[in-house]
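A.B. asks: When we follow our numbering, the leftmost residue of the sequence shown carries the number 373, and every step to the right adds one. Ideal Cβ placement from N, Cα and C applies to all residues, glycine included.
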Amino acid sequence: MSSPFTPDFGTSPTHLVGRTALRDEWKTALRTPTDRLRTALLLSPRGTGKTVMLNEIEDLAAAQGMLVVAVDTSTAGVAERIAEQIEIAREIGGSAADILRQPQTELAKSARLSLGFASLGWAAAIPVKPQWSLRRILTHLATASSSNNSAMLLSVDELHAADSDEARRLAADLQHVAKREYLPLCFAGAALPFFRGVMRSDRRLSFFNRCAKPTLPRISKEDAAAFYRLMIAAADGTVTDESVDAMATACGGNAYKMQHIGHIAWLVAEAPQREIGVEAAHEAIDAANRIMYEDVFRPLWEDLTPAERRCLERLADSTEPLHVAELATIEADPDGLSAMLTSLVDAGCVEYDHASGAVSFGHLGDREAIAEAASVSRHLQAADVTARPLGAHPDCGRQMRRVPGRCVLPLGHAGRCRSKR
Ligand SMILES: Nc1ncnc2c1ncn2[C@@H]1O[C@H](COP(=O)(O)OP(=O)(O)O)[C@@H](O)[C@H]1O
Ligand SMILES: [Mg+2]
């Protein structure tokens, strides 16, 4: 039997753990027009289960007879995506139920929309054209849902990847339809934590700023242990208590890591024929640590500002947790320092104890990972400098976080990056 685990981003797990309370809150919210959770944004690091949670919310909404439109903003415009999805939903027509039995795919999103239109009435889908603006599409669909005594849900994944104009348009249109027109439009979004800074610095994103920001809880050690026992037993495998304990401890609360550890341990031990012993567990933990570095920590490091990176390097150089005052040499402005700490805490890199002022490693940052990422960055920068023609002025070139484009200041410049000279 092949591994029962789902070590991929965006794949709904066979067994969902640690989400009962949040799921119940959403279930109530979708039924309660005044509930704050009806416009909500999940902000958490890669692998914590945002996409899976959005899928759960979409399922809950569909089960309540709502029209569910789910897009991600990493490619093309939201309006075009929705119009395209409606087009596919029309083509799917009667076979929607069959497609929905397959795992979550893009096609499954259109299939669910197809079922939504079947109960709402296909007349609502017919007029939508690819050239319609997002505002017009949302107003039309929410009005149609309203006249059917229902509501619609727009779910938007990877919001941080939208280009700034697209994100601003989405915020303005959601604001207009949900708030000014009082139409029954629910919104569930997901983004990486650095999007919090983007929202703060751009007034035109204030709709997202005002969204509820529910916490996606970390998977507790107990839940992870229960998850391993259940998954392994359901696939006719066996595992020792010591292995379960080691694997559950090593997850560090991250769902992606939990799935990888389980998957690798299963393969290494040759389950279900053989028991998953402690050796297989430790081999899996080591391999999962490498995967976490490549798939989660490295991209996270790329999203950090130079000052945030320096903070982490300072922490990695110290044998003890740092006192926050020791970071003032990196960022002297108290507001700047506080914003930087919040962003590092959100990203899972550090933990900050307000009472004592102690800054220590978070679940996604450890000494080795930070040292390795920092040294890779230095090598890349050095290679970039030597690769330039003689006399050319090397740019910093870092991807800007708040605006599109790269930093144009000289490499190694002081202060913040800038996209314009
Ligand atoms: N509550 C959960 N219980 C079990 N597995 C989960 C849970 N949430 C997510 N996963 C698994 O974790 C991995 C990452 O989830 P995903 O939603 O893609 O994370 P994110 O969108 O935050 O990067 C997937 O393999 C998924 O199956
Ligand atoms: Mg995701």
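Can you name, in chain order, every residue of its own chain whose Cβ lies under 6 Å from the Cβ of A620, other than the five neighbours on each side?
C.D. replies: Walking along the sequence shown from the start, residue 620 turns up at place 248. Hits under 6 Å: K593, A596, A597.
A.B. asks: Check whether the Cβ atoms of T411 and F381 lie closer than 8 Å to each other.
C.D. replies: The count along the sequence shown starts at 1 and reaches residue 411 at position 39. The count along the sequence shown starts at 1 and reaches residue 381 at position 9. For T411 and F381, no; Cβs fall outside 8 Å.
A.B. asks: Quick one: is the Cβ of K481 within less than 7 Å of any heavy atom of ligand 2?
C.D. replies: As a first step, residue 481 is located in the sequence shown; it is residue number 109 there, counting from the start. No, the Cβ of K481 stays beyond 7 Å of every heavy atom of ligand 2.
A.B. asks: Which residue from P589, K501, D529, S384 puts its Cα closest to that of T392?
C.D. replies: Along the sequence shown, read from residue 1 onward, the residue named residue 392 stands at position 20. The shortest C-alpha separation from T392 is found at P589.
A.B. asks: Look up I604 in the DSSP assignment and say whether it is helix, strand or coil.
C.D. replies: For the purposes of this step, residue 604 is taken as residue 232 along the sequence shown, with counting starting at 1. Helix.
A.B. asks: Which residue comes first and which comes last in the beta strand (DSSP E) that contains T423?
C.D. replies: For the purposes of this step, residue 423 is taken as the residue at position 51 of the sequence shown. Segment 422 to 435 is the alpha helix (DSSP H) holding T423; no beta strand (DSSP E) there.
A.B. asks: For V549 and F559, I'd like the C-alpha separation in whole angstroms.
C.D. replies: Taking the sequence shown and counting its residues from 1, one reaches residue 549 at position 177. Taking the sequence shown and counting its residues from 1, one reaches residue 559 at position 187. Spanning the two alpha carbons is a distance of roughly 11 Å.
A.B. asks: Whole angstroms is fine: what's the gap from V441's alpha carbon to M571's?
C.D. replies: Working through the sequence shown from its first residue, we reach residue 441 at position 69. Working through the sequence shown from its first residue, we reach residue 571 at position 199. Approximately 23 Å, taken between the alpha carbons.
A.B. asks: Decide yes or no for the touch test of the stretch 492 to 512 against the stretch 469 to 480: beta carbon pairs closer than 8 Å, at least 3 of them.
C.D. replies: No: fewer than three Cβ pairs fall under 8 Å.
A.B. asks: Taking 7 Å as the cut-off, is the beta-carbon of V389 closer than that to any non-hydrogen atom of ligand 1?
C.D. replies: For this step, residue 389 is matched to residue 17 along the sequence shown. Checking the Cβ of V389 against ligand 1 gives yes.
A.B. asks: Using only the alpha-carbon positions, how far apart do S710 and V650 sit?
C.D. replies: Your numbering for residue 710 matches position 338 in the sequence shown. Your numbering for residue 650 matches position 278 in the sequence shown. When rounded, the distance between both Cα atoms is 42 Å.
A.B. asks: Would you check if there are 3 or more beta carbon pairs closer than 8 Å linking the stretch 552 to 567 to the stretch 506 to 518?
C.D. replies: Contact between the stretch 552 to 567 and the stretch 506 to 518 is present, because at least three Cβ pairs lie under 8 Å.
A.B. asks: With burial defined as no fewer than 16 other Cβ atoms inside 10 Å of the residue's Cβ, what is the status of G763: buried or exposed?
C.D. replies: As a first step, residue 763 must be located in the sequence shown, where it is residue number 391. Only weak support is given to the placement of G763: the predicted model assigns it a pLDDT of 49, under 50, and the value that follows is read from those uncertain coordinates. Flag for G763 reads exposed.
A.B. asks: In this structure, how does DSSP classify V616 when only helix, strand and coil are distinguished?
C.D. replies: Taking the sequence shown and counting its residues from 1, one reaches residue 616 at position 244. V616: helix per DSSP, three-state reduction.
A.B. asks: Can you give me the start and stop residues for the beta strand (DSSP E) that L526 sits inside?
C.D. replies: In the sequence shown, the residue the question calls residue 526 occupies position 154. Start and end: 524 to 529.
A.B. asks: Compare the C-alpha of R681 against each of M438, L713, A544 and name the closest.
C.D. replies: Taking the first residue of the sequence shown as 1, we reach residue 681 at position 309. When only C-alpha atoms are compared, the closest one is L713.
A.B. asks: Look at L506 and M438 and say whether their C-beta atoms are less than 8 Å apart.
C.D. replies: Start at 1 with the first residue of the sequence shown, and residue 506 comes out as number 134. Start at 1 with the first residue of the sequence shown, and residue 438 comes out as number 66. Their beta carbons are not under 8 Å apart, which means L506 does not touch M438 by this criterion.
A.B. asks: Comparing alpha-carbon positions, which option in S728, S732, A727 lies nearest C721?
C.D. replies: Position 349 of the sequence shown, counted from the first residue, corresponds to residue 721. Ranking S728, S732, A727 by Cα distance to C721 puts S732 first.
A.B. asks: Check whether the Cβ atoms of A800 and I636 sit closer than 8 Å, and answer yes or no.
C.D. replies: Because the chain here runs from 373 to 793, residue 800 falls outside it and cannot be looked at.
A.B. asks: Do L542 and S517 have their beta-carbon atoms positioned less than 8 Å apart in this structure?
C.D. replies: Within the sequence shown, residue 517 is the residue found at index 145, counting from 1. Within the sequence shown, residue 542 is the residue found at index 170, counting from 1. No.
A.B. asks: Please find out if some non-hydrogen atom of ligand 1 comes closer than 7 Å to the beta-carbon of R418.
C.D. replies: Reading the sequence shown from its first residue, position 46 is the one you call residue 418. Checking every heavy atom of ligand 1 against the Cβ of R418, one is found closer than 7 Å.
A.B. asks: In chain order, what residues of the same chain lie with their CB nearer than 6 Å to the CB of V748, ignoring the 5 residues before and after it?
C.D. replies: Here residue 748 refers to the residue found at position 376 when the sequence shown is read from its first residue. Counting only Cβ-Cβ distances below 6 Å, and skipping sequence neighbours, we find nothing.
A.B. asks: Are the beta-carbon atoms belonging to S446 and I460 less than 8 Å from one another?
C.D. replies: If you number the sequence shown from 1, residue 446 lands on position 74. If you number the sequence shown from 1, residue 460 lands on position 88. No.
A.B. asks: Given a cut-off of 8 Å, decide if A563 and R615 are closer than it, judged by their beta-carbon atoms.
C.D. replies: Stepping through the sequence shown from its first residue, residue 615 is reached at position 243. Stepping through the sequence shown from its first residue, residue 563 is reached at position 191. Just to set this straight, residue 615 is Ser in the shown sequence, not Arg. No; because the gap between Cβ atoms is not below 8 Å, this pair is not in contact.
A.B. asks: Per DSSP, which one or two residues make a beta bridge with E723?
C.D. replies: Translated into the one-based positions of the sequence shown, residue 723 becomes position 351. Looking at the DSSP assignment, E723 forms a beta bridge with S732.
A.B. asks: Just verifying my parser: in three-state terms, what is the DSSP assignment at G763?
C.D. replies: What you label residue 763 is simply residue 391 of the sequence shown in a count that begins at 1. With a pLDDT of only 49 at G763, under 50, the local geometry of the prediction cannot be trusted, and no value is derived from it.
A.B. asks: Let me know the secondary structure DSSP gives A539 once reduced to three states.
C.D. replies: Within the sequence shown, numbered from 1, the residue matching residue 539 stands at position 167. DSSP places A539 in helix when its eight states are reduced to three.
A.B. asks: Kindly indicate which residue of V717, V640, V450, P644 has the alpha-carbon position closest to the one of D658.
C.D. replies: Residue mapping note: residue 658 aligns to position 286 of the sequence shown, counting from 1. For D658, the nearest C-alpha among the options comes from V640.
A.B. asks: Starting from A550, trace the alpha helix (DSSP H) both ways and give me its first and last residue.
C.D. replies: Position 178 of the sequence shown holds residue 550. Neither: A550 is in no alpha helix (DSSP H) and is coded neither H nor E.
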